[in-house]
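This report concerns only the one structure given below.
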Amino acid sequence: MNYNFYLVDDDRSVLSILSKIIVSNNLGDVIGKSTEGEEAVSEIIRLKPDIVLVDLLLPKKDGISVVTEIKNHYPDIPCIMISEVYSKDMVSKAYNSGIELFINKPINVIEVLNVINRVDEKMKMKRVIDSFQTAFQNMQSLNPTNELASEGSKHPKLEAARQILNHLGISSEAGTKDILYMIEFVFDQDNRAKQFGLDHKLSDLYDYVSIKYEKEKGEVVSEKAIEQRIRRTIGQALSNIAELGLRDYEHHVFEKYASILFDLREVRKEMDFIKHNSKTHGKISIKKFIMGLIEEVN
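Mapping the sequence shown onto this note's numbering, position 117 (from 1) lands on 124, and the numbers just tick up by one.
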């Protein structure tokens, strides 16, 4: 974790405590502090920090007004409210202004760390969602001379598979090209993808990809290296789909592909790992992923 923080509190001792917690726990850097709301808004707009911690009760301009103004300029900056006020009405107003979470006074180190870690997880999830949306928006605008795009134009089903990999946020991963070559092999061989489980071993597919690299590109890539690349890529897809499920369990990408391309129990394990409820990642099956992908586009 390495974020730029801006702190706002009219109590300088609180600013000092929060700064020490952030720096000593390697959460990032404190790039600005203020004891007054009006000054804080102008500095935050100028500095554009990654995360803002702001007191609810400030002189002249209160914390809710500060957050509202920040959000008008930078809607994506997470704001954490610091408060010893427990009024339900004030808490509701604070959340409506756009804050992520509360830190209660007096300051407790464990609570500060937990809250910032939760905000960190939300920011990571948002990046995953944004990558899905960007991939979807860019699918039709990809360079037609791009190698995979040109292959997709020759194979409509291959193009459909590539789009699914874009949805999963792994289009830039090294193993994505290998996966598409494997699918190309299956369709070129028999055009009956459902027979993959009976007619084609994974070792046959790895061998095909290896030969393709050597003959067409002059690259010597071992079957083992190809398998490892594919495994890492599918592992990243599992992580992305699990983070998406945590963010929005009913998202169409999660609902459609979580069980088709993965074992749903392993997706839940990965979700538990991301939430720090487990020390073990979910497991992937290369064969299930490839078969599911082929069945989906066949």
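Even for Gly, the Cβ is constructed at its ideal location relative to N, Cα and C.
- The beta carbons of Leu-253 and Phe-269 sit no closer together than 8 Å.
- In this structure, DSSP gives Phe-109 an extended state, which the three-state scheme calls strand.
- Bridge pairing for Val-15: Ser-41 and Val-61 [DSSP].
- Between the stretch 20-33 and the stretch 65-81, the count of Cβ pairs shorter than 8 Å is below three; the stretches do not touch.
- For Tyr-10, the secondary structure class from DSSP, reduced to helix, strand or coil, is strand.
- Comparing alpha-carbon positions, the option among Asn-103, Lys-263 and Leu-165 lying closest to Asn-305 turns out to be Leu-165.
- At a Cβ-Cβ threshold of 8 Å, Ser-90 and Asp-69 do not count as neighbours.
- With three or more CB-CB distances shorter than 8 Å, the stretch 175-188 counts as touching the stretch 226-246.
- Per DSSP, the beta-bridge partners of Gly-35 are Tyr-10.
- Residue pairing for Ser-90: DSSP places it in a beta bridge opposite Asn-111.
- By the neighbour-count criterion, in which 16 or more other beta carbons inside 10 Å mark a residue as buried, Lys-131 falls on the exposed side.
- By the CB criterion at 8 Å, Phe-261 and Ile-281 fall outside the cutoff.
- In this structure Val-126 is in contact with Ile-58, their Cβ atoms being roughly 6 Å apart against a cut-off of 8 Å.
- Thr-287 carries a coil assignment under DSSP once its states are collapsed to helix, strand and coil.
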